[in-house]
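S.K.: The number in our numbering is simply the position in the sequence shown, starting from 1, with 2 added.
Take a look at this one; I'll ask things after.
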Amino acid sequence: MSPSPRCFTEREVSRHRTKDSCWVLLGTRVYDVTGFLRMHPGGEALILRRSGHDVSPEMEGPPHRHSENARRWMEQYYIGELDRSSGGDKAQTLRERRNATEQTEGAVADKTTDRKEEEEEEEEEDQSDAYNRCSPVDLDK
Numbered sequence: 003m004s005p006s007p008r009c010f011t012e013r014e015v016s017r018h019r020t021k022d023s024c025w026v027l028l029g030t031r032v033y034d035v036t037g038f039l040r041m042h043p044g045g046e047a048l049i050l051r052r053s054g055h056d057v058s059p060e061m062e063g064p065p066h067r068h069s070e071n072a073r074r075w076m077e078q079y080y081i082g083e084l085d086r087s088s089g090g091d092k093a094q095t096l097r098e099r100r101n102a103t104e105q106t107e108g109a110v111a112d113k114t115t116d117r118k119e120e121e122e123e124e125e126e127e128d129q130s131d132a133y134n135r136c137s138p139v140d141l142d143k
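Following this line, the structure appears as structure tokens:
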């Protein structure tokens, strides 16, 4: 029987963001890809930018979907699981929390856009009202 996988908190994973110690998440699985950085076909900078975070969107594409071979290759760097019970929402994975944040930010942006449009409409109405209230000027005088 194999030992149960080691569990890591999001905070622990996020501390490993350098060339000397580079960890990524693929869903809730934690990988130490430090030894793979120099071999990555797209360059180490691509991985370092996402280190400490979930790389599922990058693995699924765009710009390209990674092959099943690439996914199998990742398994040699597997070191454990994300501890889903730590820090707040037990049922949510890191990806679900990120998606919720993006949706919230999008809703705020939509509200801001709506307010801006309303303000512009009110300004146009105010200018129109001001024009209608002013008496015409007789330029012949």
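Glycine is no exception: its CB is placed at the ideal position from the N, C-alpha and C atoms.
Just so we're clear, the structure is a prediction, and the values are computed from it rather than from any experiment.
1. Tell me which residue opens and which closes the beta strand (DSSP E) that R2 is part of.
2. Pick from P7, R8 and V32: whose alpha carbon is nearest that of H18?
3. Here's the rule I'm using: 16 or more other beta-carbon atoms within 10 Å means buried, otherwise exposed. How should W75 be labelled?
4. Is it right to say D142 is buried, meaning 16 or more other beta carbons lie within 10 angstroms of its own, or is it exposed?
5. Of the residues T20, E70 and G29, which one's Cα is nearest the Cα of L48?
6. Which residue or residues does DSSP assign as beta-bridge partners of Y80?
7. DSSP on R40, reduced to helix/strand/coil?
M.R.: In short, the structure shows the following:
1. For the chain, the structure presents residues 3 to 143; residue 2 sits outside this window and is missing.
2. V32
3. exposed
4. exposed
5. T20
6. Y33
7. helix
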